[in-house]
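Just so we're aligned: the first sequence equals residues 512 to 1003 in the working numbering.
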Amino acid sequence: MPLRLFNTLTGQLDPLEPADGKALRMYACGPTVYDYGHIGNFRTFLQIDVLRRFLQLSGVALRHVMNITDVDDKIIRNAAQAGVSIGEYTARYEAAFFEDLDALRVQRPEQIARATEHIGQMVALIQKLAEAGAAYQAEDGSWYFRLRAFPEYGKLSKKDLSGMEDGARVDVDEYEKDSARDFALWKAPKPGETSWETAIGQGRPGWHIECSAMAMEYLGESLDLHAGGEDLMFPHHENEIAQSETVTHKPFARHWMHVRFLLVDGRKMSKSEGNFYTLRDLLLKGYKASAIRLALISVPYRHQLNFTFDGLVEATAAIDRLRTFHQRLTEGQFGPGATPAMQEAAHKAHADYLAALANDLNTAEARAPIFDLVRAANTAIDQGQFLAADRDAILAVLKDFDAVFDVIADNDAEPTRQALAWAEREGRMAEVAPELLAAQSISDEAIEALVAERTLAKRQRNFARADQIRNELAEKGVVIEDSKDGVRWKRK
RNA sequence: GGCGCGGUACCCAAGUGGUAAGGGAGAGGUCUGCAAAACCUUUAUGCGCCGGUUCGAUCCCGGCCCGCGCCUCCA
């Protein structure tokens, strides 16, 4: 089923398909690596991951490029303060960024493009703009895009800038510009700042030119899709369009996807509001990576998501339900054959699930048939109306669910372990939740041994000892489940 | 001021012109040595307010109230 995805440019749901019939060429704006990523950043990357994974599930090949902005004003400032080169400074946060993506099971794009490794392409693009009369150099050596050279400016964000007079806004930019709205392509260095010596002079690239140059370098002049956070629509993406289309006279991207913001307690997340969380903050509070992933993708990308800790608790419970069910299927014994009812239920759930995702990546709607199926199957199993082929059919549905959601498979131990190791290195152990430390104090092997001892004690009807062990484990966040099929345990 | 989005049960959150998915929490039950867990059942005569269109609107139109985002670096 082809994906119908909202297109900011056209304002409607458009089918998303590769123009060349082979691979979808998509560009997504990546991070500026000047600090640790926060959960708002990751909501965007997670939603783009949902897009990627659904396309792959649909059999669409991908050529996905993501930039890393590893030079900008903040980086230069922070690196100088730290007394290191910008390369040293950014390397650390870039590594942290990828660690965080891994923790959240966000797939890597096919191509990562660092700004500092594509200075030549940016300079070439600025030269072409200058030839077209759309770029000019100011007295200090900086280059600007002449907005008047691109009459369609504003077509993405639906802004009419014709009524905006120069000087109507206070422009604090200290550089010389022809028009207040003209944006920087290339910034001349102030004394001591990192810069490159190039054909257009000494300096560093502006943020917008990066994305135009790198997108076209890897994907050609006309992309199938360009994605990013909603805040980038204006001016960043508008500027990219202006720069690119002025040179190519072709649509820069046919399809634009914008992920709406994550709010915290109903407000935009910001450090000054005190509602700012990095992924690491949440992991150290004891929340599982899978719960964070599910919470951030369960509200469809086109809606604001109000992040709360209750939401994480809820996601944790939802995942537990799915994992417990999955375990019940894989470990249970079922007779040969199939029941028409379960086969039909599995088939319907699968179809509904895919249809929901194909409908503008409606993740909330996509979850529902999966949980419906869980309930139907649990009921059937309880009633003994469930056979081996039913299990296989349902496991196939869950496999496709996890192909996109990726939360049933339990990969939570490693991110938590890494976050703790990081906290240790950074001297931030004080931020670690006590329950998390308690849980870390017991190994799987030790748990297995205690569970075995408890089972033996129960068999000998030594309930006092059995309960003692149960309590001991509970204190370390380990939950024991006695069932007909045997004893299971899990970490809470 | 301009542009855009949203207000659905205790909480989160889908959705449709014909009478409300799903998750969480709560309650009841099954199971259990007990408990927990697990599992099942259950929970909105109503979808911000007021009009209109319609045989019929939560869903379409108009007005109003409230909240949020963008318009500046920002995912």
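Ideal Cβ positions, reconstructed from N, Cα and C, are used throughout, including at glycine.
These numbers were taken from a predicted model, which means no experiment stands behind them.
Member of the options whose CA lies at the smallest distance from the CA of residue i
| i | options | result |
| --- | --- | --- |
| residue 868 | 795, 809, 888 and 960 | 809 |
| residue 547 | 669, 793 and 691 | 793 |
| residue 616 | 916, 768, 693 and 581 | 916 |
| residue 948 | 958, 973, 986 and 579 | 986 |
| residue 531 | 541, 939 and 733 | 733 |
| residue 526 | 878, 767 and 910 | 767 |
| residue 854 | 813, 899 and 836 | 899 |
| residue 923 | 570, 519, 523 and 613 | 613 |
| residue 635 | 965, 750 and 712 | 712 |
| residue 838 | 902, 801, 812 and 850 | 902 |
| residue 625 | 958, 720 and 754 | 720 |
| residue 693 | 723, 710, 658 and 707 | 658 |
| residue 571 | 514, 871, 559 and 597 | 514 |
Three-state secondary structure (DSSP) of residue i
| i | result |
| --- | --- |
| residue 860 | helix |
| residue 992 | strand |
| residue 850 | coil |
| residue 983 | helix |
| residue 555 | helix |
| residue 684 | Interpretation of residue 684 is limited by its pLDDT of 44, a score under 50 that renders its predicted location unreliable; no figure is taken from the coordinates. |
| residue 692 | coil |
| residue 648 | strand |
| residue 1000 | strand |
| residue 676 | Legend: pLDDT at residue 676 = 42, less than 50; position of this residue unreliable, value from coordinates given subsequently. Correct three-state label for residue 676: coil. |
| residue 918 | coil |
| residue 565 | helix |
| residue 543 | strand |
| residue 516 | strand |
| residue 711 | coil |
| residue 769 | strand |
| residue 592 | helix |
| residue 780 | coil |
| residue 902 | helix |
| residue 531 | coil |
| residue 939 | coil |
| residue 945 | helix |
| residue 971 | coil |
Contact set for residue i: own chain, Cβ-Cβ below 7 Å, skip 5 residues either direction
| i | result |
| --- | --- |
| residue 730 | 536, 538, 574 and 576 |
| residue 683 | Note that residue 683 scores a pLDDT of 41, beneath 50, so its modelled location is shaky; the value from the coordinates is reported in the next line. Once the five neighbours on either side are set aside, residue 683 has no close Cβ partner at all. |
| residue 1002 | 950, 988 and 989 |
| residue 994 | none |
| residue 670 | 745 |
Residue i: first and last residue of the uninterrupted alpha helix (DSSP H) it sits in
| i | result |
| --- | --- |
| residue 639 | 630-642 |
| residue 834 | 820-842 |
| residue 885 | 874-893 |
Contact under 8 Å by Cβ, residue i with residue j
| i | j | result |
| --- | --- | --- |
| residue 661 | residue 646 | no |
| residue 860 | residue 884 | yes |
| residue 862 | residue 887 | no |
| residue 704 | residue 830 | no |
| residue 891 | residue 897 | yes |
| residue 611 | residue 790 | yes |
| residue 637 | residue 568 | no |
| residue 725 | residue 629 | yes |
| residue 745 | residue 752 | no |
| residue 627 | residue 595 | no |
| residue 652 | residue 717 | no |
| residue 649 | residue 688 | yes |
| residue 964 | residue 797 | no |
| residue 931 | residue 961 | no |
| residue 942 | residue 795 | yes |
| residue 593 | residue 600 | yes |
| residue 666 | residue 758 | no |
Cβ-based neighbour list, residue i, same chain, cut-off 8 Å, excluding 5 preceding and 5 following
| i | result |
| --- | --- |
| residue 742 | 772 |
| residue 549 | 780, 787, 788, 789 and 790 |
| residue 774 | 780, 815, 816, 817 and 818 |
| residue 864 | 877, 880, 881, 908, 911 and 912 |
| residue 944 | 795, 796 and 797 |
Where the beta strand (DSSP E) through residue i begins and ends
| i | result |
| --- | --- |
| residue 735 | 734-740 |
| residue 815 | Neither: residue 815 is in no beta strand (DSSP E) and is coded neither H nor E. |
| residue 656 | 654-656 |
| residue 773 | 773-775 |
| residue 953 | Here residue 953 belongs to no beta strand (DSSP E), and DSSP marks it neither H nor E. |
| residue 538 | 534-539 |
| residue 525 | 523-526 |
| residue 603 | Premise fails: residue 603 lies in the alpha helix (DSSP H), 597-614, not in any beta strand (DSSP E). |
Cβ-heavy atom distance, residue i to the ligand COA, below 7 Å
| i | result |
| --- | --- |
| residue 661 | The ligand COA is absent from the structure shown, which contains no ligand whatsoever. |
6 Å CB neighbourhood of residue i in its chain, flanking five on each side removed
| i | result |
| --- | --- |
| residue 803 | 793 |
| residue 740 | 555 and 770 |
| residue 761 | 732 and 733 |
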